[in-house]
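> Please see the structure below; I have some questions.
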Amino acid sequence: MPQQSPLDVPEGDPFGPHNLPYGVFSTAGEERRRIGVRIGGHVLDAGAAAVALGSPYAGLLGHSCLNPLLAAGRTAWRDVRRALTAWVTDPGHRPTVEPHLLPLDEVTLHLPYEVADYVDFYASEHHATNVGRMFRPDGDALTPNWKHLPIGYHGRSGTVVVSGTDVVRPSGQRKAPTDPAPVFGPSVKLDIEAEVGFVVGAPSELGRPVPLGAFEDHVFGLFLLNDWSARDIQAWEYVPLGPFLGKSFATSVSAWVTPLEALDAARVAPPARDFPLLPYLDDAAVDRPGGFDLHITVSINGQEVAQPPFATMYWTAAQQLAHMTVNGASLRTGDVFGSGTVSGPEVGQRGSLLELTWNGRDAIELADGKRTFLEDGDTVTLTAWAPGPDGTRVGLGEVVGRIVGTA
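So our numbering is basically just the index in the sequence shown, starting at one, shifted up by 11.
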């Protein structure tokens, strides 16, 4: 049977005591940022509750961001989660815990960690195939290396923003095939990329790769991520060194980080691989499946436009971590890496407007008109859930962003 919370969490709530994602919040009456844990429609002031309960974890939970907890390592993550679960499920704790619960709609949520490095991958075979067919119609959809290594690039950590932050339409150079010369101005092909992000907790040593089996020793949790993309700027600039200004202006992330431990029931095997993998990427003998059965929904102005399935991703997060450290690059607490656009085999499972409209050829219908790419005033929302223990669902915190015109 699922755990029963003594708090007033409705049965079936995806943010019940089986979930307990972490965030950072403040209130109108106290601007100091504090670590919070979401339980139903409330936020538990974790640090204040820890002090009131005389917990040894009051220090870790008393900071203004998650980084000290992230750096504490896997044993501390497990122990703190067990303590939090007891606090919200043991009726004996309720008189002490309840005063430190705040309604979710009465708090301001902030970026929950200080971002160190940001890396984005390109791990969906369906997405990569669609893009290849669009831009290389007479050649192979996938490049020769795609099924041998997880392709990625370094993004800009300073433009990672929390859900609810407005996104300013970027300007840059662009050149349509019929243009005699490049022009400068606001992007006219502003797009989304529905992704899942992962945040590193425990760092690694420079010169020592992180093997597949050490993934859970270093990665604390996951969250939804929207990697905003200016397709026209990207198309003109990306040869020969890859994405730059078309991708670096904003990346929106959820205010809530779901611990990996909350997603044990959502583990699934990745799709079958078509080629033998080099030993450092070969996960055939890894104890736990590397995929996650996350069900994502993409909405524009409140209207659902796609349901990308994360279980279809060709490369797992553990393989991505192993690949980006195999040259000896070190991990830092607060490193974030994105999965790449999540797309499935069906049209309604595509995680970008580039794919949904086939680069603007086929407009999608919204209640307020047709869209090929985003217009000023459009609001994009990503939500998701995963299977939880005993038939429950684990909710992932939403990611919301509204497009505003170029300043």
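For every residue, glycine included, the Cβ atom is placed at its ideal position computed from N, Cα and C.
Within 10 angstroms of its Cβ, does K258 collect 16 or more other Cβ (buried), or is it exposed?
By the 10 Å Cβ count, K258 comes out buried.
> If we count Cβ pairs, one from each stretch, closer than 8 Å, do we get three or more for the stretch 295-310 versus the stretch 368-379?
No contact exists between the stretch 295-310 and the stretch 368-379.
> Between G253 and H111, what straight-line distance do the alpha-carbon atoms span, to the nearest angstrom?
Roughly 48 Å separates the two Cα atoms.
> Are the CB atoms of V353 and I414 within a distance shorter than 8 Å?
In this structure, V353 does not lie closer than 8 Å to I414 by Cβ.
> Hey, quick one: how far does the alpha helix (DSSP H) through P398 stretch, first residue to last?
No alpha helix (DSSP H) contains P398, which is instead part of the beta strand (DSSP E) from 390-398.
> Which value, in whole angstroms, describes the spacing of the CA atoms of N156 and N141?
Approximately 16 Å between the Cα atoms of the pair.
> So, is R180 buried or exposed, given that buried needs 16 or more other C-beta atoms within 10 angstroms?
By the 10 Å Cβ count, R180 comes out buried.
> Just to confirm, is the Cβ distance from V391 to A266 under 8 Å?
No, the pair does not count as a contact, with Cβ atoms beyond the cut-off.
> Quick one: complete beta strand (DSSP E) runs, 3+ long, within the stretch 145-199?
Those beta strand (DSSP E) runs which fall completely within the stretch 145-199 and span 3+ residues are 163-165, 171-173, 182-185, 194-197.
> Considering just the uninterrupted stretch of the beta strand (DSSP E) at G301, what are its terminal residues?
It is not in any beta strand (DSSP E) - G301 carries neither H nor E in the DSSP assignment.
> Is DSSP giving V410 helix, strand or coil here?
Looking at V410 - three-state DSSP - the assignment turns out to be strand.
> So, for G406: in the same chain, excluding its five sequence neighbours on each side, which residues have a beta-carbon less than 7 Å away from its beta-carbon?
Same-chain partners within the cutoff: P25, F26, N30, W396.
> Who are the near neighbours of G51 in its chain, counting only those whose CB is closer than 6 Å to its CB and skipping five residues on each side?
Within the same chain, G51 has close Cβ partners V20, D24, F26.
> Just mark T327 as buried or exposed, buried being the case when its beta carbon has 16 or more other beta carbons within 10 Å.
Buried.
> Can at least three beta-carbon pairs, one atom from the stretch 235-242 and one from the stretch 271-282, be found at a separation below 8 Å?
Cβ pair count under 8 Å is below three, so no.
> Reducing DSSP to helix, strand and coil, say where D293 ends up.
Note: D293 maps to coil in three-state DSSP.
> With the cut-off set at 8 Å, would you say A57 and G47 are in Cβ contact?
Yes. Within cutoff.
> Nearest CA to the CA of F209: which residue from E42, E216, V130?
Nearest of E42, E216, V130 to F209, Cα basis: V130.
> Using alpha carbons as the reference points, say which of D228, G65, F255 lies closest to A241.
It is F255 whose Cα lies nearest to the Cα of A241.
> Would you mind sorting N338 into buried or exposed? The rule is 16 or more other CB atoms within 10 Å of its CB.
By the neighbour-count rule (16 or more Cβ atoms within 10 Å), N338 is not buried but exposed.
> So what does H121 bridge to, in DSSP terms?
According to DSSP, which records beta bridges pairwise, H121 is partnered with V35.
> Need the endpoints of the beta strand (DSSP E) that Q314 sits in, please.
Here the beta strand (DSSP E) through Q314 covers 314-317.
> Distance check for G34 and G212, CA to CA, integer angstroms please.
Between G212 and G34, the C-alpha separation is close to 14 Å.
> What are the boundary residues of the beta strand (DSSP E) that H29 is part of?
No beta strand (DSSP E) contains H29, which DSSP labels as neither H nor E.
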